[in-house]
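**Q** Just passing along the structure, written as structure tokens.
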Amino acid sequence: MGLIPGFEYVETLEETTAYSLSIEELNKLYKSYIDIANWMRVLQQENFLRLQDIHISRLNLSAKERYEHFINKYPDISNRVNLGYIASFLGITQQSLSRIRAESLF
């Protein structure tokens with residue numbers, strides 16, 4: 002069976018070193034080392050909860066509230082990341098983000 006490309010990809014915003022292994026190799030690790038399997042289970046649970054929080058925020062919070070929550074959680078990120086990426090992450094347009102940021106200055 003050949004490799005099937007996924008529908009997701011990762012684009013990093015800063016210098017990053019990434020490693021990969023096949024699902025078969027990962028499953029061998031899980032079977033051989035219970036500590037690795039347990040550690041990965043915890044990481045997957047944390048990531049699921051993080052994604053769920055993002056989804057619920059987009060449904061229940063205003064754009065301004067999402068931005069405020071984001072800035073409180075990641076206070077230095079707006080100095081390092083393109084605002085277009087932040088707007089995309091928050092599910093708003095870049096124009097809306099600019100307006101929210103301008104309002105918060107006053």
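The numbering of the sequence shown is this note's numbering, which starts it at 2 and goes up by one. All C-beta atoms, glycine included, are put in the ideal place defined by N, C-alpha and C. As the structure is a computational prediction, the values presented were derived from the model and not from experiment.
(1) Quick one: measure Cβ to Cβ for I87 and A64, integer angstroms, because I've assumed they're closer than 8 Å.
(2) Does DSSP put D77 in a helix, a strand or coil?
(3) Buried or exposed for R67, please, with buried defined as at least 16 other CB atoms from any protein chain shown within 10 angstroms of its CB.
(4) For A38 and E104, I'd like the C-alpha separation in whole angstroms.
(5) Using the three-state DSSP reduction, which class does F8 fall into: helix, strand or coil?
**A** Taking the geometry as given:
(1) Within the sequence shown, residue 87 is the residue found at index 86, counting from 1. Within the sequence shown, residue 64 is the residue found at index 63, counting from 1. About 12 Å; that fails the 8 Å criterion.
(2) Counted from its first residue, the sequence shown places residue 77 at position 76. Three-state result, D77: coil.
(3) By one-based count along the sequence shown, residue 67 stands at place 66. Buried, by the Cβ-count rule.
(4) Numbered from its first residue, the sequence shown carries residue 38 at position 37. Numbered from its first residue, the sequence shown carries residue 104 at position 103. Answer to the nearest angstrom: the Cα atoms are 47 Å apart.
(5) Counting from one through the sequence shown, the residue named residue 8 turns up at place 7. Reduced to three states, the DSSP call for F8 is coil.
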